[in-house]
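1 is the number of the first residue of the sequence shown in the UniProt record's numbering; add one for each residue after it. Just so you know, even glycine gets a beta-carbon here, dropped at the ideal spot from N, CA and C.
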Amino acid sequence: MSDPSKMVSVCKTETFSTVHRVNIVGYSLANDFGDTSIEAGKFNLAGHTWALCYRPNVVIYDNYRIKTEFITFSLVLVTQPKVPMAVSFELSLLNQDGKSSPDATKSLKRIFKEKGSDGFSNFMETSKLLASEYLKNDSLLVQCSLQVKKPSCTEKTMKIVVPPPEMNQHFGWLFGSKEGADVTFHLNEETCVAHKAILAACSPVFIAQFFGSMMESKTDSVEIEDIKPEIFKAMLYFIYTEKLPPGEDVSLEMAQHLLVAADRYGLERLKMICAEMLCTGIDAKTAAATLAFAVQYSCLPLKDFCVDFVASREMLDEVMVSDGFEHLVSSCPSVLKEILEKVKKVF
Numbered sequence: 001m002s003d004p005s006k007m008v009s010v011c012k013t014e015t016f017s018t019v020h021r022v023n024i025v026g027y028s029l030a031n032d033f034g035d036t037s038i039e040a041g042k043f044n045l046a047g048h049t050w051a052l053c054y055r056p057n058v059v060i061y062d063n064y065r066i067k068t069e070f071i072t073f074s075l076v077l078v079t080q081p082k083v084p085m086a087v088s089f090e091l092s093l094l095n096q097d098g099k100s101s102p103d104a105t106k107s108l109k110r111i112f113k114e115k116g117s118d119g120f121s122n123f124m125e126t127s128k129l130l131a132s133e134y135l136k137n138d139s140l141l142v143q144c145s146l147q148v149k150k151p152s153c154t155e156k157t158m159k160i161v162v163p164p165p166e167m168n169q170h171f172g173w174l175f176g177s178k179e180g181a182d183v184t185f186h187l188n189e190e191t192c193v194a195h196k197a198i199l200a201a202c203s204p205v206f207i208a209q210f211f212g213s214m215m216e217s218k219t220d221s222v223e224i225e226d227i228k229p230e231i232f233k234a235m236l237y238f239i240y241t242e243k244l245p246p247g248e249d250v251s252l253e254m255a256q257h258l259l260v261a262a263d264r265y266g267l268e269r270l271k272m273i274c275a276e277m278l279c280t281g282i283d284a285k286t287a288a289a290t291l292a293f294a295v296q297y298s299c300l301p302l303k304d305f306c307v308d309f310v311a312s313r314e315m316l317d318e319v320m321v322s323d324g325f326e327h328l329v330s331s332c333p334s335v336l337k338e339i340l341e342k343v344k345k346v347f
């Protein structure tokens, strides 16, 4: 009889963190709700749903029956936890530069054993808030920083651990060492060598270029004239390793150029990585131009993200006066119908 499987129990504490921003628009209207709790935003962390609530105008009396009005905030654990969770919660009001100050920041620590709420019953006096730099254009920007520590125990069967795949590391070494390279790319005054078979395995364009009837299939030298050298090299590095070059500070401009190159060579994963980076840089000034760019290069996820952003109640007016909106109207008239459909749902 074989020996029974050996089991090992692992108990560890995991840490989960997030920063969630909420823009409270029309604060003066919400002020009519007084001490009624209003849900400002909801988010997920550590496998649970959390909510940020506020009371616009809570009246508190001191020992001398002197009345003071406050805005209050609270963190709500919406779902029931199975184990206790240690929570560190910091809440800040942000000015137009995205900065706060000690008098507009408060923090607390609490153990959540069950769903419920905790917060700041006297976060800031209403009179001070109205005179502060944080309430601009009747809007209030709130930042919630949350860290959750959660214990977890698992049982595992002891077995041989198979190391993770190392193919990308090997290909990365091959790209860096240039061993066996059989094609040279001429990038203006620079050159770069690679392996036809590896490029063709990842790109339908390179398949046709090196193993089809195109002229380049019969040569070991290819001229690249319309892609910047650093962009083309970064694209080749990604083909070999599925990563961007280490230490490369990828700007939004570089992400755009890489997306164009990825679209040209049929590298869908690189294209989506660049689209994700571009999403993080979208604001009212750049949304229209980015939307036109997404349509031009058939990047549907980026296009959908931009349409939702442009059609939002808070951003539509600002986007329409941006430099890129006129170009969007003239170059992509069909996308305006999608924006209008979204606007109808929002308004």
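Does DSSP put residue i in a helix, a strand or coil?
| i | result |
| --- | --- |
| Ser-2 | Low confidence applies here, because Ser-2 scores a pLDDT of 46, under 50, leaving its location unreliable; read the following figure in that light. If DSSP states are grouped into helix, strand and coil, Ser-2 belongs with coil. |
| Gly-324 | helix |
| Val-76 | strand |
| Asn-63 | coil |
| Lys-109 | strand |
| Gly-172 | helix |
| Val-58 | strand |
| Glu-166 | coil |
| Glu-314 | coil |
| Ile-71 | strand |
| Lys-337 | helix |
| Cys-46 | Correcting the residue identity first, residue 46 is Ala in this sequence and not Cys. Here Ala-46 sits in coil by DSSP. |
| Lys-136 | strand |
Could you pull out every residue in the same chain whose Cβ sits closer than 7 Å to the Cβ of residue i, ignoring the five residues on either side in sequence?
| i | result |
| --- | --- |
| Glu-39 | Ala-51, Cys-53 |
| Phe-89 | Leu-75, Ser-107, Leu-108, Leu-146 |
| Gln-96 | Lys-136 |
| Leu-29 | none |
| Ala-181 | Val-193, Ala-194, His-195 |
| Lys-12 | Ser-152 |
| Tyr-297 | Leu-259, Val-260, Asp-263 |
Tell me where the beta strand (DSSP E) around residue i begins and ends.
| i | result |
| --- | --- |
| Leu-187 | 183-187 |
| Pro-151 | 139-157 |
| Glu-114 | Looking at the DSSP string, Glu-114 is not in any beta strand (DSSP E), and its letter there is neither H nor E. |
| Met-7 | 7-25 |
| Ser-92 | 85-94 |
Just to confirm my understanding: we take residue i, look at its own chain, exclude 5 residues before and 5 after, and list those with CB closer than 6 Å. What are they?
| i | result |
| --- | --- |
| Val-343 | Ala-311 |
| Leu-259 | Lys-271, Cys-274 |
| Tyr-265 | Ser-203, Val-205 |
| Cys-332 | Ala-292, Val-295 |
| Gln-175 | The sequence shown places Phe at residue 175, rather than the Gln named in the question. Excluding sequence neighbours, Phe-175 sits near Tyr-240. |
| Ala-289 | Gly-324 |
| Lys-156 | Val-8 |
| Met-85 | Phe-112, Val-148, Lys-150 |
Using a Cβ-Cβ cutoff of less than 8 Å, which residues in the same chain neighbour residue i once the five nearest sequence positions on both sides are dropped?
| i | result |
| --- | --- |
| Lys-303 | Leu-291, Ala-294, Val-295, Val-335 |
For the alpha helix (DSSP H) containing residue i, name the first residue and the last one.
| i | result |
| --- | --- |
| Ser-37 | First-last for Ser-37: undefined, no H or E at that position. |
| Asp-283 | Counting along the chain, Asp-283 falls outside any alpha helix (DSSP H), and DSSP gives it neither H nor E. |
| Val-310 | 300-310 |
| residue 391 | Within the shown structure, residues of the chain are numbered from 1 to 347, placing residue 391 beyond reach of any answer. |
| Lys-82 | Counting along the chain, Lys-82 falls outside any alpha helix (DSSP H), and DSSP gives it neither H nor E. |
| Ser-127 | 126-130 |
Can you tell me the Cβ-Cβ gap for residue i and residue j, rounded? I've got them flagged as a contact below 8 Å.
| i | j | result |
| --- | --- | --- |
| Leu-91 | Val-142 | 7 Å |
| Gly-119 | Thr-72 | 7 Å |
| Glu-248 | Ala-261 | About 14 Å separates the two Cβ atoms, so there is no contact after all. |
| Met-277 | Leu-236 | Going by Cβ atoms, the distance from Met-277 to Leu-236 rounds to 19 Å, so no, they are not a contact pair. |
| Leu-257 | Ile-231 | According to the sequence displayed, residue 257 carries His and not Leu. Going by Cβ atoms, the distance from His-257 to Ile-231 rounds to 5 Å, so yes, they are a contact pair. |
Original post:
Which ranges does the beta strand (DSSP E) cover as unbroken runs of at least 3 residues, wholly within the segment 191-274, from first to last along the chain?
Top reply: 221-224
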